[in-house]
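Numbering (the working numbering), first residue to last: 36 to 620.
I have placed the structure first, in the form of structure tokens, so that the comments after it can refer back to it.
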Amino acid sequence: MIVTRKIGSLFRGKTTPFQIYAACLLGALLGFIPSFGHSPALTVLWVFLLLILNANLFLAGIVALLSKLVLLLAMPLIFLVGRFLLEGPLQGIFKLLINAPITAYSGLDYYSVAGGQFLAVVFGLVLAFLIKRSIASYRKKMLAVSKEPNRLNKYSEKGYVKVLKFLFLGSGRGKKSYEELLAVKWGNPFRIWGVAVVVVLTAVLIFGFSKLSEPLITSLAKSNLETANGATVDLEGVNLGLTDGKLEVLGLAMADAQNLDTDLFTSKRIVADIDTTDLLRKRFSIDNLVIEDATSGQARETPGEQIGPQPKEDSGLELPDFDDLDSVLENAEVWKERLAQAKRWLEEMTGGEEEETLTWKQQLDSKIRSLGHANVKADFLTEGSPTVWIRNIEALGIKTAFLDGAMIDLNAKDISTHPSLSGKAPTLSIVSDNGVLDAKLSLAGASGTGANDLKLLLSKVDVDSLGSKIKSDGEPPISGGTMDIDLSGVIGTAVNDLVAQVTFSGSKARIGGKPVDLNGVTLPLAIRGPLDSPGVKLESKALEKILVSAGKQKLLDEASKKLGLEGDDADAAGKLLEGIFKKKD
Numbered sequence: 036m037i038v039t040r041k042i043g044s045l046f047r048g049k050t051t052p053f054q055i056y057a058a059c060l061l062g063a064l065l066g067f068i069p070s071f072g073h074s075p076a077l078t079v080l081w082v083f084l085l086l087i088l089n090a091n092l093f094l095a096g097i098v099a100l101l102s103k104l105v106l107l108l109a110m111p112l113i114f115l116v117g118r119f120l121l122e123g124p125l126q127g128i129f130k131l132l133i134n135a136p137i138t139a140y141s142g143l144d145y146y147s148v149a150g151g152q153f154l155a156v157v158f159g160l161v162l163a164f165l166i167k168r169s170i171a172s173y174r175k176k177m178l179a180v181s182k183e184p185n186r187l188n189k190y191s192e193k194g195y196v197k198v199l200k201f202l203f204l205g206s207g208r209g210k211k212s213y214e215e216l217l218a219v220k221w222g223n224p225f226r227i228w229g230v231a232v233v234v235v236l237t238a239v240l241i242f243g244f245s246k247l248s249e250p251l252i253t254s255l256a257k258s259n260l261e262t263a264n265g266a267t268v269d270l271e272g273v274n275l276g277l278t279d280g281k282l283e284v285l286g287l288a289m290a291d292a293q294n295l296d297t298d299l300f301t302s303k304r305i306v307a308d309i310d311t312t313d314l315l316r317k318r319f320s321i322d323n324l325v326i327e328d329a330t331s332g333q334a335r336e337t338p339g340e341q342i343g344p345q346p347k348e349d350s351g352l353e354l355p356d357f358d359d360l361d362s363v364l365e366n367a368e369v370w371k372e373r374l375a376q377a378k379r380w381l382e383e384m385t386g387g388e389e390e391e392t393l394t395w396k397q398q399l400d401s402k403i404r405s406l407g408h409a410n411v412k413a414d415f416l417t418e419g420s421p422t423v424w425i426r427n428i429e430a431l432g433i434k435t436a437f438l439d440g441a442m443i444d445l446n447a448k449d450i451s452t453h454p455s456l457s458g459k460a461p462t463l464s465i466v467s468d469n470g471v472l473d474a475k476l477s478l479a480g481a482s483g484t485g486a487n488d489l490k491l492l493l494s495k496v497d498v499d500s501l502g503s504k505i506k507s508d509g510e511p512p513i514s515g516g517t518m519d520i521d522l523s524g525v526i527g528t529a530v531n532d533l534v535a536q537v538t539f540s541g542s543k544a545r546i547g548g549k550p551v552d553l554n555g556v557t558l559p560l561a562i563r564g565p566l567d568s569p570g571v572k573l574e575s576k577a578l579e580k581i582l583v584s585a586g587k588q589k590l591l592d593e594a595s596k597k598l599g600l601e602g603d604d605a606d607a608a609g610k611l612l613e614g615i616f617k618k619k620d
């Protein structure tokens, strides 16, 4: 019984004005933080202060729960307050805190955190004033009735009086009279055992960081990767060695968001050299990242799950001379989903800085729809260097189920969250060992050093496999042989201007029910519009050449038939007519 009374006294305290205000303020500040991941520094700070200061812990817990409920219900309002703080006259102060050591982990670049902490102060002060006033009123009432013993005994037997005494005064008011309690203004501001606990916890955090960091970093990495990937990400562990500047990622498997039964990418081990001096500023600077034993397109043992909202269709730009994917490909929806995923990745790599056609409010609304109010950040306040900057990525011999099982070499440079701050264009190169694929991507537009440029070479692509997916009265319009695709031009999330030179070898086209020889013919295709909903156009001159060729073939066939020519005679007549056509052309 004595032990329980001691524990109860620690939580109930003596409810001095200081205890009430400290409990309400710290409880509200904690409750208005969306999660530990949003603001680890502020969460630790408020918990430590709650332990050190002689606040009423029971009251602080009640206020924290109430504040969390208000946070969930009033998130749109909190977001607007955050916008005023981060984009208004106080922007300079927040920018300083966001980019400074230690305070960079406060999460004040989240609109929900900045707005939430401001409203927490208001909410906590108002609530503390009301509670203090109620307790003072109760004590004045008890002081008045205490002068009349019969009235005091009768009043003390009331249920709500007993509850208030239990919560705020303990099993009695102690040796102090109500008159003495009313005279107390602040009381002892510090809790001795709380100071001891904070010292112990700080020592554990400092000396035991290597053990505590692994599950924390693994959880954060898994969450961020799943958000970017849009599907389940399996991760065995992440080891961070601060002394030698090494980061090791083990057992990474990213489920394919469009085919949850397969893995888009897996790697048994990823090793990175990191710059530990940037960690205090929440900057993850990686000099070299090597990916070992990587695969792509392999079947998963357990199907993945969709993370976040499904990609939404975008009407895109008005391009009346272009055919959309629905009118070209039978499996257009699959292609749209793939392109939508590519668009999300491109936005991640470029920091979303390409959508210049959208107003700032439209960009925010788009982020809110995809991420939710709580997860939208004011990335434009980040200064000095990117929050994540990988200077070199190397993955050799990636095993893939695509391209006839070819091995792929991947190299990337200067991949970052804020390319404009690095001043270097992110680049990506993918080459297959069988010579079928050679792709190079430069995102100079994101860094402000030029335009985003894409060069893609696909060699010896099977025409029949592609032709079977193209609509043309239920029959493939092209068949036989192979084709080489040379794609180049400007690429972006909102606007693209690409030209694909498609050269056929041993292929035939079906035009007007007649076969047309495409051997050696090169068709230029223009691709424009949003990345996830592009328009496709066949250049008119190239199309005219095919139609003329079709007309010649038809005339040759009819002439040979009427003249009754077959075999060598038909070939001789064909050559004669071809010579006539060439002169006419």
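Using N, Cα and C, we set each Cβ at its ideal position, and we do this for glycine too.
Look at the alpha carbon of residue i and the alpha carbon of residue j, and state the distance between them as a whole number of angstroms.
{"i": "glutamine 398", "j": "arginine 404", "result": "10 Å"}
{"i": "lysine 281", "j": "aspartate 468", "result": "30 Å"}
{"i": "isoleucine 443", "j": "leucine 431", "result": "7 Å"}
{"i": "alanine 413", "j": "serine 457", "result": "18 Å"}
{"i": "glycine 66", "j": "alanine 447", "result": "42 Å"}
{"i": "alanine 292", "j": "leucine 438", "result": "20 Å"}
{"i": "lysine 175", "j": "leucine 165", "result": "15 Å"}
{"i": "valine 325", "j": "proline 461", "result": "17 Å"}
{"i": "alanine 99", "j": "glycine 62", "result": "4 Å"}
{"i": "aspartate 519", "j": "aspartate 497", "result": "9 Å"}
{"i": "glycine 555", "j": "isoleucine 342", "result": "46 Å"}
{"i": "threonine 435", "j": "isoleucine 97", "result": "54 Å"}
{"i": "glutamate 391", "j": "glycine 480", "result": "Summary for glutamate 391: the model assigns pLDDT 47, below 50, so the residue's position carries little reliability, and this model does not support an answer."}
{"i": "alanine 409", "j": "valine 235", "result": "33 Å"}
{"i": "lysine 475", "j": "arginine 316", "result": "33 Å"}
{"i": "leucine 287", "j": "asparagine 264", "result": "13 Å"}
{"i": "isoleucine 133", "j": "proline 512", "result": "58 Å"}
{"i": "lysine 549", "j": "leucine 558", "result": "19 Å"}
{"i": "leucine 416", "j": "asparagine 427", "result": "25 Å"}
{"i": "serine 500", "j": "leucine 491", "result": "19 Å"}
{"i": "glycine 407", "j": "phenylalanine 114", "result": "10 Å"}
{"i": "tryptophan 228", "j": "leucine 86", "result": "8 Å"}
{"i": "glutamine 54", "j": "tryptophan 81", "result": "15 Å"}
{"i": "alanine 290", "j": "glycine 419", "result": "34 Å"}
{"i": "valine 657", "j": "asparagine 323", "result": "There is no way to answer for residue 657, as the model of the chain reaches only from 36 to 620."}
{"i": "leucine 478", "j": "threonine 452", "result": "12 Å"}
{"i": "isoleucine 241", "j": "glutamate 122", "result": "36 Å"}
State the start and end residues of the unbroken alpha helix (DSSP H) segment that holds residue i.
{"i": "asparagine 134", "result": "126–134"}
{"i": "serine 482", "result": "479–482"}
{"i": "leucine 94", "result": "92–108"}
{"i": "arginine 404", "result": "395–406"}
{"i": "threonine 78", "result": "75–87"}
The beta strand (DSSP E) spanning residue i covers which residue range?
{"i": "glutamate 429", "result": "423–435"}
{"i": "isoleucine 321", "result": "319–331"}
{"i": "lysine 459", "result": "No beta strand (DSSP E) holds lysine 459; DSSP gives it neither H nor E."}
{"i": "glutamine 54", "result": "Glutamine 54 -> not in any beta strand (DSSP E); alpha helix (DSSP H) instead, spanning 52–66."}
{"i": "proline 511", "result": "Looking at the DSSP string, proline 511 is not in any beta strand (DSSP E), and its letter there is neither H nor E."}
{"i": "aspartate 444", "result": "442–451"}
{"i": "lysine 490", "result": "487–497"}
{"i": "alanine 561", "result": "557–563"}
{"i": "aspartate 532", "result": "532–540"}
{"i": "aspartate 519", "result": "517–525"}
{"i": "aspartate 552", "result": "549–552"}
Kindly list the residues whose CB is nearer than 7 Å to the CB of residue i, restricted to its own chain and excluding five residues on each side of it in sequence; keep chain order.
{"i": "isoleucine 433", "result": "Ala329, Thr330, Ser331, Met442, Ile443, Leu445"}
{"i": "aspartate 296", "result": "Ala334, Arg335, Pro338"}
{"i": "leucine 120", "result": "Phe129, Ala149, Gly150, Phe153"}
Tell me which same chain residues have a C-beta within less than 8 Å of the C-beta of residue i, skipping the five on either side of it?
{"i": "arginine 168", "result": "none"}
{"i": "leucine 314", "result": "Leu277"}
Does the distance from the C-beta atom of residue i to that of residue j stay below 9 Å?
{"i": "glutamate 340", "j": "alanine 266", "result": "yes"}
{"i": "alanine 149", "j": "valine 116", "result": "yes"}
{"i": "leucine 560", "j": "lysine 572", "result": "yes"}
{"i": "glycine 483", "j": "serine 455", "result": "yes"}
{"i": "alanine 57", "j": "leucine 101", "result": "no"}
{"i": "threonine 538", "j": "aspartate 552", "result": "no"}
{"i": "valine 411", "j": "tyrosine 146", "result": "yes"}
Under 6 Å Cβ to Cβ from residue i, same chain only, skipping five residues before and after it: list those, please.
{"i": "valine 284", "result": "Val273, Ile305"}
{"i": "glycine 159", "result": "Cys59, Leu60, Ala63"}
{"i": "leucine 94", "result": "Ala58"}
Strictly under 9 Å for the Cβ-Cβ distance: is residue i near chain B by that measure?
{"i": "alanine 430", "result": "Here chain B cannot be found, since the structure has a single protein chain."}
Only counting runs of 3 or more residues, tell me where the beta strand (DSSP E) segments fall wholly within the region 243–313, in order along the chain.
For the region 243–313, whole beta strand (DSSP E) runs of length 3 or above, ordered along the chain, are 268–276, 281–291, 294–309.
Alpha helix (DSSP H) segments (min. 4 residues) lying fully within the region 152–177:
none
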